[in-house]
Amino acid sequence: MTSDGLETMLAVAIEEARAGLAEGGIPIGAALFDIEGNLLGRGHNRRIQENDPSVHGETDAFRKAGRQRNYRNTIMVTTLSPCWYCSGLIRQFNIRKVIVGESVNFGGGIQWLRECGVEVVDMQNDECIEMLRSFIDARPEIWNEDIGEI
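The C-terminal position of the sequence shown is numbered 825 in this note's numbering, with every residue numbered one higher than the one before it.
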């Protein structure tokens, strides 16, 4: 996959993160693609909007992709390094490639995913870094709740 292809896929996740922020939620977006780059599902963190702690960006995109025969040839794209919960989903369903917008604000489970043989590409995207950093600065209590640090 070319650098342009990765940027195009990440742009979908960024759109979702912006949508979540506009709804008053945490700006984390994700999308699930097949190996050819076709979009299967997209979503964003909606745990505040829906009062449901299980609706993370990755889980929302995964659910919206619907049932797949297998996930070995899918790519999870997310604006932020997946938390342990979402990293577990990636391993459980054998998603073999993860594109991460950034891991500066939160490292999550990317090292563990790599140790498990998942290919992780960390884009260190400036927009992803700044969007979440601004949210954390403005709403630290919500952020800490999201990552279980309260």
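Backbone N, C-alpha and C define an ideal beta-carbon position, used for all residues, glycine too. These numbers come from a predicted model, not from an experiment.
Please report the residue range of the alpha helix (DSSP H) in which residue i lies.
i: M806; result: D801 to A813
i: F737; result: G732 to A740
i: R789; result: I785 to E790
i: R766; result: W759 to Q767
Tell me whether residue i is buried or exposed, calling it buried when 16 or more other Cβ atoms sit within 10 Å of its Cβ.
i: I785; result: buried
i: G823; result: exposed
i: T677; result: exposed
i: E733; result: buried
i: E790; result: exposed
i: I701; result: buried
i: E777; result: buried
If you check the beta carbons only, do residue i and residue j fall under 9 Å apart?
i: R693; j: G704; result: yes
i: V779; j: M798; result: no
i: C761; j: L685; result: no
i: L764; j: G783; result: no
i: G741; j: G712; result: no
i: R771; j: N748; result: yes
Taking the C-alpha atoms as reference points, what is the distance between residue i and residue j?
i: E682; j: V773; result: 13 Å
i: S729; j: N720; result: 9 Å
i: T753; j: E816; result: 22 Å
i: K739; j: D812; result: 30 Å
i: Q724; j: W818; result: 14 Å
i: I750; j: V687; result: 13 Å
i: A706; j: A736; result: 5 Å
i: D727; j: D709; result: 28 Å
Please report the Cβ distance between residue i and residue j, rounded to the nearest whole angstrom; I am assuming they are in contact, meaning their Cβ atoms lie under 8 Å.
i: R717; j: E698; result: Not a contact, Cβ separation roughly 15 Å.
Let's see if you can read the secondary structure: which residues bound the beta strand (DSSP E) around residue i?
i: R717; result: L714 to H719
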